[in-house]
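The block underneath contains the structure these notes are about, expressed in structure tokens.
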Amino acid sequence: MQDNTGLEELSQAQRERLAHIDFTLLFKGEAGRSYLTERFSVAPSVATKDFARYKELAPNNVMYDEKRRVHLKTSAFKPLFDYDVVRTLATISQGFGDGFLGKVRPPMACEAPFHLNKPKLEVVAAISEAIHKRAVINIEYTSLSSGHGSRQIVPHTLIDNGLRWHVRAFDRQHREFRDFVLTRISEVELLEDEVNDEVETLQWDKQWNRIVELELIPHPKLAHPEAVSMDYAMENNRLRVEIRAAFAGYLLRLWNIDCSKNCKSNGREFHLALKNPEALYGVDNAELAPGYSES
Numbered sequence: 001m002q003d004n005t006g007l008e009e010l011s012q013a014q015r016e017r018l019a020h021i022d023f024t025l026l027f028k029g030e031a032g033r034s035y036l037t038e039r040f041s042v043a044p045s046v047a048t049k050d051f052a053r054y055k056e057l058a059p060n061n062v063m064y065d066e067k068r069r070v071h072l073k074t075s076a077f078k079p080l081f082d083y084d085v086v087r088t089l090a091t092i093s094q095g096f097g098d099g100f101l102g103k104v105r106p107p108m109a110c111e112a113p114f115h116l117n118k119p120k121l122e123v124v125a126a127i128s129e130a131i132h133k134r135a136v137i138n139i140e141y142t143s144l145s146s147g148h149g150s151r152q153i154v155p156h157t158l159i160d161n162g163l164r165w166h167v168r169a170f171d172r173q174h175r176e177f178r179d180f181v182l183t184r185i186s187e188v189e190l191l192e193d194e195v196n197d198e199v200e201t202l203q204w205d206k207q208w209n210r211i212v213e214l215e216l217i218p219h220p221k222l223a224h225p226e227a228v229s230m231d232y233a234m235e236n237n238r239l240r241v242e243i244r245a246a247f248a249g250y251l252l253r254l255w256n257i258d259c260s261k262n263c264k265s266n267g268r269e270f271h272l273a274l275k276n277p278e279a280l281y282g283v284d285n286a287e288l289a290p291g292y293s294e295s
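The sequence shown begins at 1 in the UniProt record's numbering and counts up one residue at a time.
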């Protein structure tokens, strides 16, 4: 991270705008005046002064593209602000203000699940930039099945499966869309290769574009199923969930939903059951669903 002592001289409003510039450069690779005028409703002249001030504080972070009239992140970029990767991922995925001032204290006492694994900030930044620019990237990746190796992928979406973060991408080696765990990516390099719009982009990801409807019920073996019905605001002990096929297995595993035929699984850990396991036919990650079998 850069030496940010000069930020103390700025007003809170300008620090927020500079944080937005820093954040946008880091995770998109580029930033323009419109990023500030639209986000903060300031005049173009104010945005121009903000970029000039940012360049004074971090001269090696940014260069100006005269042709496109946009500021570009340099290879020597070092963040001017401190970013927590968990909060950053929440910001990227849920849009809680694009340019936040680093780490903040919560307004009241609140405990969240402990994060056993956190991806590297530089990995998240590079992949976010590739998604924004619709770029091909080369990654150094370690998988459970084949170990360490290089992959060329075309990423389109970051995914939080409840336990860890993935990136959904077209894998050029296997010629199909796959999920890659962010914590298993050690290096990312943006490539100049052209993306094949007829094969490698989101609209061709069948599992991503297919929507499945899951009908969830309280597990039949519960003594008081009405408690679970209240947990999930069910109507007539039914909860219908529409979800992308690419995400279905993760959801069913996360919530430990019994997906066996006739709800045969035993155990107090099962509060929910899948009424229509046939909905998982053709879902690539259905094997993640507890108790599911196509036979």
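For every residue, glycine included, the Cβ atom is placed at its ideal position computed from N, Cα and C. Computed from a prediction, not measured in an experiment: that's the story for all the values here.
Tell me the DSSP secondary structure of residue i in three-state form.
i: residue 97; result: Only weak support exists for where residue 97 lies, its pLDDT of 49 falling under 50; the value from the coordinates is given anyway. Coil at residue 97, not helix or strand.
i: residue 262; result: helix
i: residue 281; result: coil
i: residue 166; result: strand
i: residue 205; result: coil
i: residue 200; result: coil
i: residue 39; result: helix
i: residue 85; result: helix
i: residue 295; result: coil
i: residue 30; result: strand
i: residue 128; result: helix
i: residue 272; result: strand
Can the beta-carbon of residue i be found closer than 8 Å to that of residue j?
i: residue 290; j: residue 265; result: yes
i: residue 257; j: residue 274; result: yes
i: residue 297; j: residue 179; result: In the structure as shown, the chain begins at 1 and stops at 295. Residue 297 is therefore absent and cannot be evaluated.
i: residue 153; j: residue 171; result: yes
i: residue 191; j: residue 138; result: yes
i: residue 155; j: residue 125; result: no
i: residue 168; j: residue 117; result: no
i: residue 222; j: residue 174; result: no
i: residue 22; j: residue 79; result: yes
i: residue 36; j: residue 20; result: yes
i: residue 260; j: residue 232; result: no
i: residue 302; j: residue 166; result: Absent from the model: residue 302. The displayed extent of the chain is 1 to 295, so no value can be given.
i: residue 53; j: residue 89; result: no
i: residue 213; j: residue 242; result: yes
From residue i to residue j, what distance separates their C-alpha atoms?
i: residue 121; j: residue 188; result: 12 Å
i: residue 91; j: residue 183; result: 18 Å
i: residue 237; j: residue 47; result: 54 Å
i: residue 40; j: residue 157; result: 26 Å
i: residue 249; j: residue 255; result: 10 Å
i: residue 16; j: residue 240; result: 41 Å
i: residue 244; j: residue 177; result: 14 Å
i: residue 197; j: residue 209; result: 16 Å
i: residue 263; j: residue 234; result: 18 Å
i: residue 218; j: residue 8; result: 55 Å
i: residue 150; j: residue 128; result: 19 Å
i: residue 38; j: residue 51; result: 15 Å
i: residue 77; j: residue 12; result: 23 Å
i: residue 286; j: residue 229; result: 25 Å
By Cβ distance below 6 Å, which residues in the same chain neighbour residue i in space, the five residues on each side in sequence not counted?
i: residue 253; result: 288
i: residue 65; result: 72
i: residue 276; result: 215
i: residue 135; result: 190
i: residue 296; result: Residue 296 lies beyond the range of the chain shown here (1 to 295); nothing can be said about it.
i: residue 31; result: 21, 24, 25, 71
i: residue 205; result: 177
Taking the beta carbon of residue i as the centre, do at least 16 other beta carbons fall within 10 Å, making it buried, or is it exposed?
i: residue 207; result: buried
i: residue 145; result: exposed
i: residue 26; result: buried
i: residue 147; result: exposed
i: residue 220; result: exposed
i: residue 283; result: buried
i: residue 69; result: exposed
i: residue 82; result: exposed
i: residue 227; result: exposed
i: residue 200; result: buried
Just to confirm my understanding: we take residue i, look at its own chain, exclude 5 residues before and 5 after, and list those with CB closer than 7 Å. What are they?
i: residue 123; result: 182, 185, 188
i: residue 162; result: 250, 254
CB-CB under 8 Å to residue i, same chain, minus the five flanking residues each way: which ones, in chain order?
i: residue 63; result: 71, 72, 74
i: residue 96; result: At residue 96 the pLDDT is 46, less than 50, meaning the model places this residue with poor confidence and gives no usable figure here.
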